[in-house]
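Numbering (UniProt numbering), first residue to last: 1 to 392.
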Ligand code: TGC
Ligand code: FAD
């Protein structure tokens, strides 16, 4: 792979809206990605393997629980710092950002928000340091966009619960020590359970043959009469709103992350367009190539401003789920379109692993699908503005 020469576009001086702390956090993450992710990621993606050696570094830049309080091992940062970390990591690779999103927003967040003090103390410091990795089991083979239909269930046996069912498409599953699993009790109400590797009847087979997010490990969670201690139930929130609340936090991180992938594609294409000569000129001098690049920087700039504003609203506890949904949908769609256009600017070179664009492009096919598909997010906005529910 070519050396990482990334220079971040900031057409509307977004940096002026950031605090010194935001810039310090962002710059540390940016430098770490250049040093530790860019040189190795293509090889790991080609081999379809998650680079386990980066876990400590992810913990050090605050990517595991950026906004979780320091007393539990988190970085105690605000929502904009959280977003900027996700942007920088996904600039390197969406699969690496997935690992961080799952750990922070889908594992640490529910333990912090819905767990007991004993659960927080037991799990959060280990997850923040990367000593333990976690995963989040919501999706099932027959229930993806419609998680409320899940069939995974647990029964109260007096001294413990017994869990049965299966989850599919679970990021980090093959190596996670703990899974936050969403399952129905005997009355059909959804609860979160903490399932640990090694519990009898619990297995995590890896999913192979992915053409997307190849540097992220994906697997199934299978529960065959797994005995769950009663203290492993998350007691402080139940119902579908509990897992969906975690998704709000993760979708917000993805909105920033997608900007990172788009910035990397744009920056690569811009540099290439000034170096590649055809018909005796740099291809960047042709109007059609300039149109592509001009549209890219416009869309990136719009997404940066949208997402920064969403971060301010989140810091003030004012962001709605529908606003977060809009940013996730818009920014991932923006990034996937930019990746496709950028790939064309590189001609044949664009399909090789010498450059990051094709990897971003393939990764974004997962990002536009998970955490709610593009169409599901359109319907969430549709419901919000019309009051008419397409899901019922
Ligand atoms: P609905 O009846 O609308 O809602 C049920 C209850 O949930 C509440 N609620 C929310 N609460 C918090 N945050 C949100 N975003 C919420 N959205 C809804 C709602 O108020 C209601 O509460 P209550 O008290 O009235 O019961 O539910 P529905 O069954 O009609 O479904 C709605 C729909 C389709 C929008 C939702 O289910 C959905 O978002 N589907 C998409 C599924 C999805 O995103 N799955 C993600 C799986 S995890 C993943 O992909 C991780 S990838 C990780 C990585 O690698 O980065
Ligand atoms: P389906 O729900 O079957 O949807 C298929 C198509 O139908 C989509 O285009 C969808 O938009 C459309 N559709 C569905 N319902 C409607 C409707 N009402 N109106 C219009 N169109 C509709 N899940 C987890 O729980 N944890 C994870 O860690 C996790 N990681 C993932 C990692 C990867 C790499 C991938 C690919 C997925 C991951 N997922 C995870 C699962 C992901 O959230 C689901 O794939 C996603 O929610 C879509 O579900 P589905 O694949 O079953 O598609």
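Think of the CB as a built atom: it goes at the ideal place given N, C-alpha and C, for glycine as much as any other residue.
Rounded to the nearest whole angstrom, the CA to CA distance from residue 320 to residue 253 is 15 Å.
Unbroken alpha helix (DSSP H) stretches of 4 residues or longer found wholly inside the segment 83 to 162: 94 to 101, 109 to 114 and 117 to 129, given in chain order.
In the DSSP assignment, residue 211 falls outside any beta strand (DSSP E) and carries neither an H nor an E. Boundaries cannot be given for residue 236, as no beta strand (DSSP E) includes it and DSSP labels it neither H nor E.
In this structure, residue 240 has its CB closer than 7 Å to one or more heavy atoms of ligand 1.
Within the same chain, 140 and 165 come within 7 Å of residue 151 by CB-CB distance, once the 5 residues on both sides are set aside. According to the DSSP assignment, residue 27 belongs to the alpha helix (DSSP H) that extends over 20 to 32. Taking the Cβ of residue 51 as the reference point, every heavy atom of ligand 1 lies at 7 Å or farther away. Remark: the C-beta of residue 245 is in contact range of ligand 1, defined as less than 7 Å to any heavy atom. DSSP, reduced to helix, strand and coil, places residue 193 within a strand of the structure shown. Cβ-Cβ distances below 6 Å link residue 179 to 135, 137, 195 and 221 in the same chain, with the five nearest sequence neighbours on each side left out; the list follows chain order. The residue among 318, 113 and 6 with its C-alpha nearest the C-alpha of residue 266 is 6.
Your pair residue 68 and residue 29 does not check out as a contact, with CB atoms roughly 17 Å apart and the cut at 8 Å. Under the criterion of beta carbons closer than 8 Å, residue 217 and residue 200 do not qualify as touching, at roughly 23 Å. For residue 93 against residue 215, the beta-carbon gap comes to about 6 Å, under 8 Å, which counts as contact. Residue 322 and residue 380 have their C-alpha atoms some 6 Å from each other. Close CB contacts of residue 59 within its chain, under the 6 Å cut and outside five residues either way in sequence, are with 129 and 130 (chain order).
Judged by DSSP in its simplified three-state form, residue 61 adopts coil rather than helix or strand. Between ligand 2 and residue 167, a heavy atom-to-CB distance of less than 7 Å is present.
Minimum Cα-Cα distance from residue 8 among the listed residues 369, 304 and 355 corresponds to 304. The C-alpha of residue 327 is placed about 25 Å away from the C-alpha of residue 211.
Put simply, the backbone Cα of residue 347 is about 13 Å away from that of residue 292. Of the residues assessed, residue 90 falls on the buried side of the cut-off, its CB having 16 or more other CB atoms within 10 angstroms. Rounded to whole angstroms, residue 185 and residue 153 show a C-alpha spacing of 6 Å. Put simply, the backbone Cα of residue 392 is about 56 Å away from that of residue 277. Nearest C-alpha to residue 312 among 52, 57, 62 and 83: 83.
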